[in-house]
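Contents: one structure, followed by commentary.
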Amino acid sequence: MKTSVCIIGGGPSGLMLSQLLHLKGIDTIVLERQSREYVLGRIRAGVLEHGFAELMREAECGERMDQEGEIHDGIIIAHDGEQQRVDLNKYSGGSSVLVYGQTELTRDLYEARDRMKGVVIHNVEDVQLHELVGTKPHVTYRKGDEIIRVDCDFIIGADGFHGVSRKSIPKTVLKEYEKIYPFGWLGLLSRTPPVSPELIYAKHERGFALCSLRSQVLSRYYIQVPLTDTVEDWSDEAFWAELKRRLPQDVATRLVTGPSIEKSIAPLRSFVAEPMRYGHLFLAGDAAHIVPPTGARGLNSAASDIYYLYHAMVAHYQQGDSSGLDNYSAKALARVWKAQRFSWWMTTLLHTFPDSPSYDQKLQQTDLEYLFSSDQALGSLAENYVGLPF
Ligand code: FAD
Ligand code: DHB
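See the structure below:
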């Protein structure tokens, strides 16, 4: 097989890039290790920044998102028995975020790829990248007993944190930066009305909790748990009881509970791999960087990579201008690190760190007090939460 751009990974990053390039007449093939049902079964991000939503519209995939997504102008931070609202709209100079699930937007992207007869191949095994710095870059994969070769100009590694693309860059070239947090998030999805119209980020001595939503009938809640916990350790009843303990009294009282539709634990990690380009290979999204979920930056950081890559590819194919491709890594990483800083800061501000020295606890308390006493500090939170410009 032959294509211009071979994209490894059919998550939101890979599908979005494929769709955008297709609309500019640039041919792609997407290779995905899992079945479509499996990809659509993963419950992940829920908060989209303005730039991501714009990219969905440009990809001609924004219709359902604009109908069903909810615009949120603020978030609530609960701590020490108080609930303080951050007016995102006011403090960011008029921006907001959109609550629309990653599952739904991935479904929209798959439907668009189908509509336009895009090639997305599922259940590929043993993907390997070849000649990344040679003259004939290509990818091979196995389907059953058959080994299939895809010749291409460029390879996009959009295969998430555990994918093969980043690992194909020699260790002598790649530098990895990592921070592992001593806890995870246990998430629960339930068909219940959300407890609050706006997201509540709750700091509590027993651990952080988050009240989020997918729609007016679908709620998503998270609680901080030790890394040693497993989903089996948490019955629905135990989850709801612990969540209530960590929420302000009035919120806990009005919380509607119900059976879980999905429950999973995500460990919290900050990670960046540099550079994001190696020869004909370009990394994008979680393949190159991940953040702890606290600031809702993960998918949104993937979006800026895709934005830069999309424009660089179009300039290359349509104007013969490769400067965007040459600058991709530096440009993407500059924004990636700002999302890393914000996610680390918000995680540090709101979580309970085991064995944290009393000095650090005092700093955490002071950081919160400062936040709500300073318009500049609120402005910094708001501009980062709604997303820095691409
Ligand atoms: P992925 O979604 O991981 O997609 C990669 C794809 O590549 C997968 O489908 C995988 O099956 C495939 N693949 C892997 N290896 C191979 C291989 N060898 N060959 C072929 N295919 C392969 N982000 C936000 O912005 N806002 C939020 O509110 C938010 N909340 C989150 C909550 C949780 C609990 C979690 C876990 C994450 C959250 N995120 C959030 C982060 C967000 O989900 C990710 O950043 C996003 O999924 C990244 O998309 P991606 O396409 O780069 O990678
Ligand atoms: C969700 C996840 C986040 O990490 C976050 O900060 C806000 C919302 C969610 O899944 O709804």
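Here the sequence shown is numbered in our numbering, starting from 1 and rising by one per residue.
Each residue gets a CB set at the ideal place from its N, CA and C atoms; glycine is no exception.
Bear in mind that the values here come from a model prediction, so they are computed numbers and not experimental data.
{"query": "Could you please give the first and the last residue of the uninterrupted alpha helix (DSSP H) stretch that includes H316?", "result": "298-319"}
{"query": "Could you name each continuous alpha helix (DSSP H) segment of 4 residues or more that falls completely within the segment 227-256, going from the start of the chain to the end?", "result": "236-246, 249-254"}
{"query": "Rounded to whole angstroms, what is the Cα-Cα separation between I29 and Y359?", "result": "53 Å"}
{"query": "For I261 and T103, what's the separation of their Cα atoms in angstroms?", "result": "14 Å"}
{"query": "Please decide whether R166 counts as near chain D, where near means a Cβ-Cβ distance under 7 Å.", "result": "No chain D appears in this structure, which consists of one protein chain only."}
{"query": "Per DSSP, what kind of secondary structure is T135 in: helix, strand or coil?", "result": "coil"}
{"query": "Can you look up R149 in the DSSP assignment and give me helix, strand or coil?", "result": "strand"}
{"query": "Output the boundary residues of the alpha helix (DSSP H) element that contains D360.", "result": "358-371"}
{"query": "Using a threshold of 7 Å, state whether the C-beta atoms of A334 and D305 are closer than that.", "result": "no"}
{"query": "Three-state secondary structure (DSSP) at S190?", "result": "strand"}
{"query": "Compare the beta carbon distance of L31 and I121 with 7 Å and say whether it is the shorter of the two.", "result": "yes"}
{"query": "Is the CB-CB distance between L109 and L15 below 7 Å?", "result": "yes"}
{"query": "With respect to 6 Å, is the separation between the Cβ of P293 and the closest non-hydrogen atom of the ligand FAD below this value?", "result": "yes"}
{"query": "What span of residues does the alpha helix (DSSP H) with L17 cover, start to end?", "result": "12-23"}
{"query": "Determine whether the beta carbon atoms of L21 and A303 lie at a separation below 7 Å.", "result": "no"}
{"query": "Please confirm if the segment 274-293 is in contact with the segment 231-246, defined as three or more CB-CB distances below 8 Å between the two stretches.", "result": "no"}
{"query": "Please list the terminal residues of the continuous beta strand (DSSP E) segment that includes V5.", "result": "5-8"}
{"query": "Can you have a look at K331 and say buried or exposed, based on whether 16 or more other CB atoms are within 10 angstroms of its CB?", "result": "buried"}
{"query": "Quick one: what does DSSP say E54 is sitting in, helix, strand or coil?", "result": "helix"}
{"query": "Taking the straight line between their C-alpha atoms, what separation do you get for H138 and R149?", "result": "7 Å"}
{"query": "If you drop the 5 nearest sequence neighbours on each side, which residues of the same chain put their C-beta closer than 7 Å to that of D126?", "result": "Y141, R142"}
{"query": "Could you give the first and the last residue of the continuous beta strand (DSSP E) run that contains D126?", "result": "125-130"}
{"query": "Taking 6 Å as the cut-off, is the C-beta of P12 nearer than that to any heavy atom in the ligand FAD?", "result": "yes"}
{"query": "Which whole-angstrom value is the C-beta distance of C211 and I223, which I expect to be below 8 Å?", "result": "Their Cβ separation, rounded to whole angstroms, is 10 Å, which puts C211 and I223 out of contact at 8 Å."}
{"query": "Ignore the nearest five residues each way along the sequence and tell me which others in G402's own chain have a CB closer than 6 Å to its CB.", "result": "With the chain running from 1 to 390 in the structure shown, residue 402 is simply not present."}
{"query": "Among the residues of its own chain, which have a CB less than 6 Å from the CB of E70, if the five just before and after it don't count?", "result": "V99"}
{"query": "For R36, which residues from the same chain have a beta carbon less than 7 Å from its beta carbon, with the 5 sequence-adjacent residues on both sides left out?", "result": "Y110, H122"}
{"query": "Quick one: Cα of L186 to Cα of P226, how far?", "result": "9 Å"}
{"query": "Among G41, H351, E383, S374, whose alpha-carbon lies nearest the alpha-carbon of H204?", "result": "H351"}
{"query": "Can you give me the C-alpha to C-alpha distance between G184 and A266, rounded to a whole angstrom?", "result": "5 Å"}
{"query": "Return the first residue and the last residue of the alpha helix (DSSP H) that E205 is part of.", "result": "Where E205 is concerned, there is no enclosing alpha helix (DSSP H), given that its DSSP letter is neither H nor E."}
{"query": "Drop a sphere of 10 angstroms on the beta-carbon of E49, count the other beta-carbons inside from all chains shown, and report buried for 16 or more, exposed for fewer.", "result": "buried"}
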